[in-house]
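Novice: Using my numbering, read the sequence shown as starting at 564 and increasing by one per residue.
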Amino acid sequence: MTDLPPSTTTTAPHHTRTPLALHSRSPPLPMDPLHVRLRLGALVMALVLAASGGWWGGAEASIHTYGREPFREVGNAFLLSGGSEGIVADGSDPASPASSFIKFINVTFWRTAESAESHAKMAHSTGLVQAILFEAADRDNIGGSAYGGQRSICCTPDLAKLEGCKQGEVIRRPSSDDPDWPVVVDTHFSANHLSVKLEDEEVRITKTGMYNLFFISCDPKLRGLAMSGKTVWRNPGGYLPGRMAPLMTFYVFMSLAYLLVMVVWFSQYIRFWRDILPIQNWITLVIALGLFEMTLWYFEYLNFNSSGVRPVGITTWVVTVGAIRKTISRLLILSISMGYGVVRPTLGGLTSKVLLLGLTYFLASELLDIAENVGTINDISGKAKLFLVLPDAFLDAFLILWIFTSLSRTLEKLQARRSSVKLDIYRKFTNALAVSVIASVVWIGYEVYFKATDPFSERWQSAWIITAFWDVLAFVLLVVLCYLWAPSQSSQRYAYSGEAVDDDDEEAQSLTKGSDGDVGMVKIDKDRNAGVGSAFSLDDDEAEEDKRE
564 MTDLPPSTTT TAPHHTRTPL ALHSRSPPLP MDPLHVRLRL GALVMALVLA ASGGWWGGAE
624 ASIHTYGREP FREVGNAFLL SGGSEGIVAD GSDPASPASS FIKFINVTFW RTAESAESHA
684 KMAHSTGLVQ AILFEAADRD NIGGSAYGGQ RSICCTPDLA KLEGCKQGEV IRRPSSDDPD
744 WPVVVDTHFS ANHLSVKLED EEVRITKTGM YNLFFISCDP KLRGLAMSGK TVWRNPGGYL
804 PGRMAPLMTF YVFMSLAYLL VMVVWFSQYI RFWRDILPIQ NWITLVIALG LFEMTLWYFE
864 YLNFNSSGVR PVGITTWVVT VGAIRKTISR LLILSISMGY GVVRPTLGGL TSKVLLLGLT
924 YFLASELLDI AENVGTINDI SGKAKLFLVL PDAFLDAFLI LWIFTSLSRT LEKLQARRSS
984 VKLDIYRKFT NALAVSVIAS VVWIGYEVYF KATDPFSERW QSAWIITAFW DVLAFVLLVV
1044 LCYLWAPSQS SQRYAYSGEA VDDDDEEAQS LTKGSDGDVG MVKIDKDRNA GVGSAFSLDD
1104 DEAEEDKRE
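(1) Determine contact between the stretch 780-792 and the stretch 632-651, defined as no fewer than three beta-carbon pairs at a distance below 8 Å.
(2) Considering M811, what are the terminal residues of the alpha helix (DSSP H) in which it resides?
(3) Using a Cβ-Cβ cut-off of 7 Å (strictly less than) and excluding sequence neighbours within five positions of V824, which residues of its own chain qualify?
(4) Do the CB positions of Y802 and F855 come within less than 9 Å of each other?
(5) Using 8 Å as the Cβ pair cut-off and three pairs as the minimum, do the stretch 803-814 and the stretch 714-724 touch?
(6) Pairs of beta-carbons, one from the stretch 890-909 and one from the stretch 867-880, closer than 8 Å: are there three or more?
(7) Would you say the beta carbon of L776 comes nearer than 8 Å to a heavy atom of the ligand GDP?
(8) Please name the residue in R797, P742 and F778 whose C-alpha comes closest to that of E765.
(9) Looking at S791: is its Cβ nearer than 9 Å to the Cβ of E632?
(10) At which residues does the beta strand (DSSP E) containing M773 begin and terminate?
(11) Hey, I650 and Y774 are a contact pair by Cβ (cut 8 Å); roughly how many whole angstroms apart?
(12) Select from T1030, L1047, V1035 and W1048 the residue whose C-alpha is nearest the C-alpha of M807.
(13) Can you tell me the Cα-Cα spacing of K760 and L848, whole angstroms?
(14) Could you spell out where the alpha helix (DSSP H) holding M857 opens and where it closes?
(15) Looking at the structure shown, is R1022 part of a helix, part of a strand, or coil, going by DSSP?
(16) Cβ atoms of T794 and L819: under 9 Å apart, would you say?
(17) DSSP three-state label for V517, please.
(18) Determine the burial state of Y903: buried for a count of at least 16 other Cβ atoms within 10 Å of its Cβ, exposed for fewer.
(19) Quick one: which unbroken alpha helix (DSSP H) runs of 4-plus residues sit fully inside the stretch 940-1008? Chain order, please.
(20) With E636 as the anchor, note down where its alpha helix (DSSP H) starts and where it stops.
(21) DSSP on G801, reduced to helix/strand/coil?
(22) Measuring CB to CB, does T890 end up less than 9 Å from G921?
(23) By a C-beta neighbour count over all protein chains shown, 10 Å radius and 16 as the cutoff for buried, is Y864 buried or exposed?
(24) Considering K729, what are the terminal residues of the beta strand (DSSP E) in which it resides?
(25) So, at 6 Å on beta carbons, what are the nonlocal neighbours of V670 in its own chain, with the 5 sequence-adjacent residues on each side left out?
(26) Start and end of the beta strand (DSSP E) containing G646?
(27) Please determine, among P954, S898, A1037 and N844, the residue with the shortest C-alpha to C-alpha distance to P1050.
(28) Let's test the definition: count the other Cβ atoms within 10 Å of the Cβ of V882 and tell me whether it reaches 16, buried, or not, exposed.
(29) Could you spell out where the alpha helix (DSSP H) holding L757 opens and where it closes?
(30) Using 9 Å as the threshold, is the C-beta distance between I779 and Q713 below it?
(31) Which same chain residues end up closer than 6 Å to L970 when comparing Cβ atoms and leaving out the 5 residues on each side of it in sequence?
(32) Based on DSSP bridge pairs, tell me the residues matched to W673.
(33) Go ahead and pull the three-state DSSP assignment for W1033.
(34) When DSSP builds the beta bridges, which residues end up paired with Y629?
(35) Give the DSSP-derived three-state secondary structure of T750 in the structure shown.
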C-alpha cells in the first residue's frame, strides 16, 4: 500500500456521471467466497481440493471499506477492484427510496506528491479516475482491440479511430438491455491537489445480476494512485450478499433439524442413562456442538444482514465452534473404527497419537476458516489460500485412510470372534462411510465443473448449495451414528467384553436350543472358553494391533 501524505489544500473536483455499457476482458472478477472443502474422502479428494482451492476466497461484506488501497497496473490502465456481489432487482416504485442499491460514501483518490507537483496551481483538470459499475453479462463491452491485437481497457490512438472512443478514457459500449448501464462516474483532479473526493451518490439496481465495481485510471501520470472510503451494497432483504442470503434460511432449518435430533437422542439418553456407553457420550457432545454451530451461523448472518459488516466476535466464535465440532466428529469416527469400547476398552498407546492428530487438525481447520470468514471483504490471495487449504486437505485424507484401515482390522476381529450383532452394526457403519466418500468425490467433481463453467459467478443464486451440501452430509452421517448407537436397555450388548465369544452371539444362541441338558453343556463349554480367551487372546490382539498401527 502506498503511503501518501494527506492533502493540505481544498480540492475542487469535477464529476461527470455517464450512462454507459461496460464490457471487457477485465481482470478476473472476485470469485465466490465459497471454496472447495474436503469432508470425507480419500487422498484423491485432497489432490482435487488442492488443485481447485484457488477458486474459493473469503466471504465479502456488503459494506466494502478501502484504506488507501493501491491501484495496480493492468495493461495500459491502473485498476482497483471495488467488489463483486449478486444483487436482486429493486421491485419497488421508482418514486420510492431504493431497496437495492450501491452507494459511494467518502470515496477519495490520492495521487503521489510527484504527480501533483507536475501540474500548475491554476490548471483545471489534471487527472481522471473513473468508477465503473457493470453487470457480469456486460463484461465484453469494456475495452477493445485494434486490428486483432492485445485487448486494451483504455482508449489508444488506433482504437480512437476504430471505436470512436475518447483517448485517455475507458472504452465502453452501451448495454443491449439498458442503454443507461453500465454506469461510469468520472472524477477529475484539480490543479496540483493531492486528493479528490468522488461525489457521494447512490446507484439504483433494477436488474438482478452479479455486479462488479472497478476504479480505473488511464492517465500514465497517476502511477501510484490509491483510494480510501467505502461503498455500500444492499439487497431488498438487507445487506447480506445475494449468494449468501439463502444460507441464513438454510441455517434455520439446520438448527431445527439438530434440535429435533437432540430432543429424540436426549430423551433416550435420560431414559437409559444407566446403560450409556462412552461412545454415546461423545455423540451427545457432537449433536450439541452441531446445534450450537448452526445457531451461531444464523445469528452471525442475521447481524451481517442488518449491519452490512461481519461481526468479528460472533464470526470468530462460530468458526471456532465449527472447528471443534469437525475435529471431535473425525476423532469420534476414528475411535469407533478402531473398535473403541467394542473390541478394545481403550485406545491404549494410540491415545496420544489420536490426540496429537486432533490438535493438528483443529489448528489447520481454525486457521483456514478464520482466513475465509473473519472480517474478510476481498478474496485472499491464491498462494495464501493454497498454503492454508493444503494442511487441512491432507490431514482429512490421512484421517480417512486411517479410518478405513482401522475399520478393516476391527471387522476382521469381529468375524474371528463370531460377534454377529456387533459385526452387523460395523458393516452398516462401513457402508455409510463408503457412501459418504462416494458422495464427497461426486460432489467435488460437481464443484469443479460448477466453477469451471461459471468463471464470472453468474450462477451466484445457486452457489449457496456448494456450502450447504457439506453441512447436510455431516448431519446425515451423524444421524446414522445416532441410529446405530442409540441408547437403549441393550446398549451394553455392544460394549467391550473380556469374553472371546460374546453373550449376544446369535450362532451360539442357536446352538443352545434343545434339551435342558444340552443347554447346560454348551454353557459350561462356553464359560471355559471365555476364561481362556479373556486371559490370552484379547491382550495379545490389542498388543499386536497397537504395534501394527
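For every residue, glycine included, the Cβ atom is placed at its ideal position computed from N, Cα and C.
Specialist: Reading from the atomic positions:
(1) yes
(2) The sequence position of residue 811 within the sequence shown is 248, counting from 1. Per DSSP, M811 belongs to the alpha helix (DSSP H) from A808 to R834.
(3) For the purposes of this step, residue 824 is taken as residue 261 along the sequence shown, with counting starting at 1. Excluding sequence neighbours, V824 sits near I850, V1042 and C1045.
(4) Within the sequence shown, numbered from 1, the residue matching residue 802 stands at position 239. Within the sequence shown, numbered from 1, the residue matching residue 855 stands at position 292. No; because the gap between Cβ atoms is not below 9 Å, this pair is not in contact.
(5) By the Cβ test, the stretch 803-814 is not in contact with the stretch 714-724, since fewer than three Cβ pairs between them sit closer than 8 Å.
(6) no
(7) Absent from the structure shown: the ligand GDP. Ligands present: none.
(8) Start at 1 with the first residue of the sequence shown, and residue 765 comes out as number 202. It is R797.
(9) Residue mapping note: residue 791 aligns to position 228 of the sequence shown, counting from 1. Residue mapping note: residue 632 aligns to position 69 of the sequence shown, counting from 1. Yes; because the gap between Cβ atoms is below 9 Å, this pair is in contact.
(10) Working through the sequence shown from its first residue, we reach residue 773 at position 210. From DSSP, the beta strand (DSSP E) with M773 extends over G772 to S780.
(11) Position 87 of the sequence shown holds residue 650. Position 211 of the sequence shown holds residue 774. The Cβ separation is near 5 Å, so the contact holds.
(12) The sequence position of residue 807 within the sequence shown is 244, counting from 1. Comparing C-alpha distances from M807 to each of T1030, L1047, V1035 and W1048 shows the shortest one belongs to T1030.
(13) The count along the sequence shown starts at 1 and reaches residue 760 at position 197. The count along the sequence shown starts at 1 and reaches residue 848 at position 285. Cα to Cα, the separation comes out at about 54 Å.
(14) On the sequence shown, position 294 is the one that residue 857 refers to. Note, M857: alpha helix (DSSP H), P841 to S870.
(15) Taking the sequence shown and counting its residues from 1, one reaches residue 1022 at position 459. Here R1022 sits in coil by DSSP.
(16) What you label residue 819 is simply residue 256 of the sequence shown in a count that begins at 1. What you label residue 794 is simply residue 231 of the sequence shown in a count that begins at 1. Contact: no.
(17) Lying outside 564 to 1112, the shown extent of the chain, residue 517 is not represented and no answer is given.
(18) Indexing the sequence shown from 1 puts residue 903 at position 340. Flag for Y903 reads buried.
(19) 945-979
(20) Along the sequence shown, one-based indexing puts residue 636 at 73. No alpha helix (DSSP H) holds E636; the beta strand (DSSP E) holding it covers R635 to V637.
(21) Start at 1 with the first residue of the sequence shown, and residue 801 comes out as number 238. G801 falls in the strand class under three-state DSSP.
(22) The sequence position of residue 890 within the sequence shown is 327, counting from 1. The sequence position of residue 921 within the sequence shown is 358, counting from 1. Their beta carbons are under 9 Å apart, which means T890 touches G921 by this criterion.
(23) On the sequence shown, residue 864 is found 301 positions in, with the first residue counted as 1. When all chains shown are included, Y864 counts as buried.
(24) Stepping through the sequence shown from its first residue, residue 729 is reached at position 166. Neither: K729 is in no beta strand (DSSP E) and is coded neither H nor E.
(25) As a working note, residue 670 is residue 107 in the sequence shown. Excluding sequence neighbours, V670 sits near L761 and G792.
(26) The count along the sequence shown starts at 1 and reaches residue 646 at position 83. First-last of the beta strand (DSSP E) with G646: A640 to I650.
(27) The residue labelled residue 1050 in the question sits at position 487 within the sequence shown. Ranking P954, S898, A1037 and N844 by Cα distance to P1050 puts N844 first.
(28) In the sequence shown, residue 882 corresponds to position 319, counting from 1. With 16 or more Cβ atoms within 10 Å of its Cβ, V882 is classed as buried.
(29) Here the question's residue 757 lines up with position 194 in the sequence shown. That residue, L757, is in no alpha helix (DSSP H); it is neither H nor E in DSSP.
(30) Counting from one through the sequence shown, the residue named residue 779 turns up at place 216. Counting from one through the sequence shown, the residue named residue 713 turns up at place 150. Not a contact, by the Cβ cut-off of 9 Å.
(31) The residue you call residue 970 lines up with position 407 of the sequence shown. Correct list, in chain order: S900 and T993.
(32) For the purposes of this step, residue 673 is identified with residue 110 of the sequence shown, where counting begins at 1. W673 is bridged to S758 and A789.
(33) Along the sequence shown, read from residue 1 onward, the residue named residue 1033 stands at position 470. Residue state, collapsed to three classes: helix.
(34) Position 66 of the sequence shown, counted from the start, is the residue given in the question as residue 629. Answer is G792.
(35) Position 187 of the sequence shown holds residue 750. DSSP places T750 in strand when its eight states are reduced to three.
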